[in-house]
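Here is the structure we will look at.
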Amino acid sequence: MSFIACGAKGSLVKPTVAYFGTAGIFKMPIASLKCYEQKQYKNGLKFCKMILSNPKFAEHGETLAMKGLTLNCLGKKEEAYEFVRKGLRNDVKSHRSDKKYDEAIKCYRNALKLDKDNLQILRDLSLLQIQMRDLEGYRETRYQLLQLRPTQRASWIGYAIAYHLLKDYDMALKLLEEFRKTQQVPPNKIDYEYSELILYQNQVMREADLFQESLEHIETYEKQICDKLIVEEIKGEMLLKLGRLKEAGEVYKELIERNAENWYYYEGLEKALQPSTLEERLQIYEEVSKRHPRAVSPRRLPLNFVSGEKFRELTDKFLRVNFSKGCPPLFTTLKSLYYNPEKVSTIQELVTGYEASLKTCNLFSTCENGEKEPPTTLLWVRYFLAQHFDKLGQCSLALDYINAAIASTPTLIELFYLKAKIYKHVGNIKEAAKWMDEAQSLDTADRFINSKCAKYMLRANMEGTSAMENLNEMQCMWFQTECAAAYQRLGKYGDALKKCHEVERHFFEITDDQFDFHTYCMRKMTLRAYVDLLRLEDVLRKHAFYFKAARSAIEIYLKLHDNPLTNESKEQEVNSENLSAKELKKMLSKQRRAQKKAKLEEERKHAERERQQKNQKKKRDEEEEETSGPREELVPEKLERVENPLEEAIKFLIPLKNLIGDDIETHLLAFEIYFRKGKFLLMLQSVKRAFAINRNNPWLHECLIKFSKAVSDHSNLPEIVSKVLTQEMQKIFVNKNLESFNEEFLKHNATSIQHQLSGAKMMYFLDKSRQEKAIAVATRLDKNMRDKNVKTLTKVFEALLDGSFGSCHAQCEEYQAACHKLFPFTSAFMPATNEDSSSIASVNHTAINHDLLSNEI
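Residue numbers (UniProt numbering): 1 to 857.
What follows is the structure in structure tokens.
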């Protein structure tokens, strides 16, 4: 195909009939395919038109389909579908380019009926089957490919992987061994691809619980494996499983000599040595610490299992060393010990003692006579104490220590970062954003601080648009989920949904991108990584980013269903009917100011977008523009005015139900959707699954009562449905009426504010006349309540504001004042005047820096 290689790199000679000649027209389909593969879509389209203009080939199926594919890549979807349908009628091909893989598989199967041994069709079909996880079909297709091409490596490997994924380990191992025998690799030569084959073979053995065979296998081929570390790790693991503890101990000792900071190796060594007493267990770590005096792990790990005076002694040594040399992540290293109140008390006693002594004599203890500590030691002690008291919820003490540290060293980023974190934990996110901005100003090139600063500003609802498009292209999902949450809080539901849909698109693209690896990994023999990739993709939407985006989207769609957006002009018209002339004039003036402000904001955003586009490539290459074709734009106004919000919510819910079924929130969100749709059996399914996870969940309690009341209010349900609902609800409510069920819930959870809030909500829901009693239950703040924290009290305050208890302005103000006494730094509980002034100051302080920050990210 020399005609393809003409002209400059990446370009083709313009096609003409004269160039090809009459006989050469049969080369044109090849040329059009080559253009398509090289993304030379316009030239490819010309080849297709030339072929179809010949009366003999006007109905040529492959060319019609190729023209459709090319038009699809140019963004002309409707025209593309028409040509693809014509092509399918005349010559069965695929829907693969449009990502409709199920349809593509059907078409390939039909094509195989016409040509059962077509290699290209079989290869393409196998790719689609593994993409869709049709493992049985994939095995059959790989078997056909092995029969047709038994000398090709990919044929054997693909067939073995099919059996491995189907958990038929014996057959997978037989195939891999037969293939291994065909590889001509000298015993002492290290070949990377052969090494990966051996390790993959061993992985299958371990998954099949063939521990003895796995150990013998790894020892036999040890010299031919490149990754020596994993060889030792496999040996240690297999020896432990086989009960050969002495040999396993030697292996783990060697691994610790190689890396004394790996906690997994210490765990293996303990299992192998099986120390019977605390002294023997401590001796293991002391011996390692002598050989590796600079290693942290052998000094830190004993703190997990010692207690009393021994814990005090070891912790004292550990803390002193780290404070002296200045170790910022020291608190993070010890944070896992904070589940134990006794250990927390010991740590607090030691460190507060250091602080008092260092202030007076620059020594850790006034009883000592030794070399004095440098001033930085006191700084890190105060830094630690600020984190310690922040963890314990004692924010005033935490702020005192961090302010003292900042006063002594006002140039250390970590101090300002921690101060911002403390304010975040006490619920004053605007003040937190202010101090994080201060930290960022000390080092504008620090990416971590830049990212944290952006996150805090978004949580303070200071959203900006400077770098939105770039961050979307970079799949910066932490930023997009935070943006979605900020827009949701601000009531900008369209913008929030846009961010949620962008995150969903990222996950779709990640899933789709695995297509490229189905052939690449078999060719390069990266088989372990390939199988790990497939397993990761299967649970991809379990990721926290997807869950956050999906939850936000579902919550917004539920709100849009409950309170559909209305036409603003009509709403204003209705509102103005009962106003006096003076009030109407005032309202119109206010509207004009709002419109002017909105217009200025829109102009600012437009100018920002223009600047952004200019900063990008001034002129894109024509070929680059053709590569992707236009995608459907996510328009906030359209997203927030969808016809059926509940159907859109279900699209986000389905992956959660499939992959995150062990999270109670999944089923409670499902209930909220089905409750609004009136799907009683699906409601029952949701509450049953949630009940199985945690029957005492406060949100579940609300759902159960709403569900039961909805069932009793619908007397016209089909008999079989009514019977099933009655039987299942009997298991949950056990012959109690709803009021009794709710009272028992309140009594059982008398010391939990969250549970009292849910019970109080349901008390008011069931009987509006009990408003005073319900509010009294929800706003209890006596000393017996165990979860008196900012997050929980804010939830109660929001419930008083949002109408969950009807109109209760006086009680709301009273509760706000009570909470302000408990948490004076929390912005939600501050009197309105203080909060407004602080927020204005905070916004003025950070508004300019936010755009700069966005650009740096």
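Every residue gets a Cβ at the ideal spot worked out from N, C-alpha and C, and that includes glycine.
{"Item": "Pairwise C-alpha distance: Ala-272 and Glu-624", "Value": "Low per-residue confidence applies at Glu-624: pLDDT is 40, beneath 50, and the placement is therefore not dependable enough to give any value."}
{"Item": "Secondary structure of Gly-353, DSSP reduced to three states", "Value": "helix"}
{"Item": "With 16 other Cβ atoms within 10 Å as the buried cut-off, status of Gln-591", "Value": "exposed"}
{"Item": "First through last residue of the alpha helix (DSSP H) which encompasses Cys-483", "Value": "477-490"}
{"Item": "Ala-828 and Phe-797 closer than 8 Å at C-beta", "Value": "yes"}
{"Item": "Sub-8 Å separation of Val-687 and Leu-700 beta-carbons", "Value": "yes"}
{"Item": "8 Å Cβ cutoff, Asp-767 in contact with chain D", "Value": "Checking the listed chains, one finds no chain D in this structure; it contains a single protein chain."}
{"Item": "Endpoints, the alpha helix (DSSP H) within which Lys-246 is located", "Value": "245-258"}
{"Item": "Alpha helix (DSSP H) runs wholly inside the region 96-149, at least 4 long, in chain order", "Value": "101-114, 119-131 and 135-148"}
{"Item": "CB-CB length for Gln-475 against Ile-556, believed under 8 Å", "Value": "Contact flag wrong, Cβ pair sits at about 22 Å."}
{"Item": "Rounded separation between Leu-278 and Ala-260 - CA only", "Value": "21 Å"}
{"Item": "Three or more C-beta pairs below 8 Å linking the region 127-140 and the region 103-113", "Value": "yes"}
{"Item": "Coil, strand or helix - Ser-569 by DSSP", "Value": "Residue confidence for Ser-569 is low, a pLDDT of 44 falling below 50, so the modelled location carries little weight and cannot support an answer."}
{"Item": "Glu-237 to Ser-195 span [Cα, whole Å]", "Value": "20 Å"}
{"Item": "Buried versus exposed, by CB contacts within 10 Å (16 or more), Cys-367", "Value": "exposed"}
{"Item": "Which listed residue (Asn-403, Lys-542, Glu-637 and His-425) has its alpha carbon closest to that of Phe-416", "Value": "Asn-403"}
{"Item": "Where Pro-645 sits in the DSSP three-state scheme", "Value": "helix"}
{"Item": "Ser-195 in three-state terms, based on DSSP", "Value": "helix"}
{"Item": "Local Cβ density within 10 Å of Asp-124, reported as buried at 16 or more and exposed below that", "Value": "buried"}
{"Item": "Per DSSP, the bridge partner or partners of Ser-804", "Value": "Gly-806"}
{"Item": "Beta-carbon proximity list for Asp-662, same chain, < 8 Å, skipping 5 on both sides", "Value": "Ile-693"}
{"Item": "Member of Asp-562, Lys-542 and Thr-566 whose CA lies at the smallest distance from the CA of Lys-657", "Value": "Lys-542"}
{"Item": "Under 8 Å between C-beta atoms of Arg-780 and Gln-816", "Value": "no"}
{"Item": "First through last residue of the alpha helix (DSSP H) which encompasses Leu-168", "Value": "Note that residue 168 is Asp in the sequence shown here, rather than Leu. Taken as a continuous stretch (DSSP letters only), Asp-168 belongs to no alpha helix (DSSP H), as it is neither H nor E."}
{"Item": "Same chain only: Cβ atoms within 7 Å of Leu-392, ignoring 5 sequence neighbours per side", "Value": "none"}
{"Item": "Straight-line gap, Leu-127 to Cys-521 (C-alpha atoms, nearest Å)", "Value": "12 Å"}
{"Item": "For Thr-16, three-class secondary structure by DSSP", "Value": "Annotation note: pLDDT 36 at Thr-16 (below 50); position unreliable, coordinate value reported separately. Here Thr-16 sits in coil by DSSP."}
{"Item": "Short Cβ contact (8 Å threshold) for Glu-270 with Arg-281", "Value": "yes"}
{"Item": "Complete runs of the alpha helix (DSSP H) confined to the region 484-533 [at least 4 residues]", "Value": "493-513 and 517-524"}
{"Item": "Classification of Lys-253 by the beta-carbon crowding that lies within 10 angstroms, buried from 16 upward", "Value": "buried"}
{"Item": "From Arg-300, Lys-325, Ile-650 and Lys-548, residue whose alpha carbon lies closest to that of residue 864", "Value": "With the chain covering 1 to 857 only, the question about residue 864 has no answer from this structure."}
{"Item": "Alpha-carbon spacing of Thr-352 relative to Leu-385, whole angstroms", "Value": "8 Å"}
{"Item": "C-beta contact flag for Ala-65 and Phe-47 at 8 Å", "Value": "no"}
{"Item": "Boundaries (first-last residue) of the alpha helix (DSSP H) holding Leu-766", "Value": "753-766"}
{"Item": "Proximity below 8 Å, CB of Val-251 to CB of Leu-242", "Value": "no"}
{"Item": "Three or more C-beta pairs below 8 Å linking the region 547-566 and the region 180-198", "Value": "no"}
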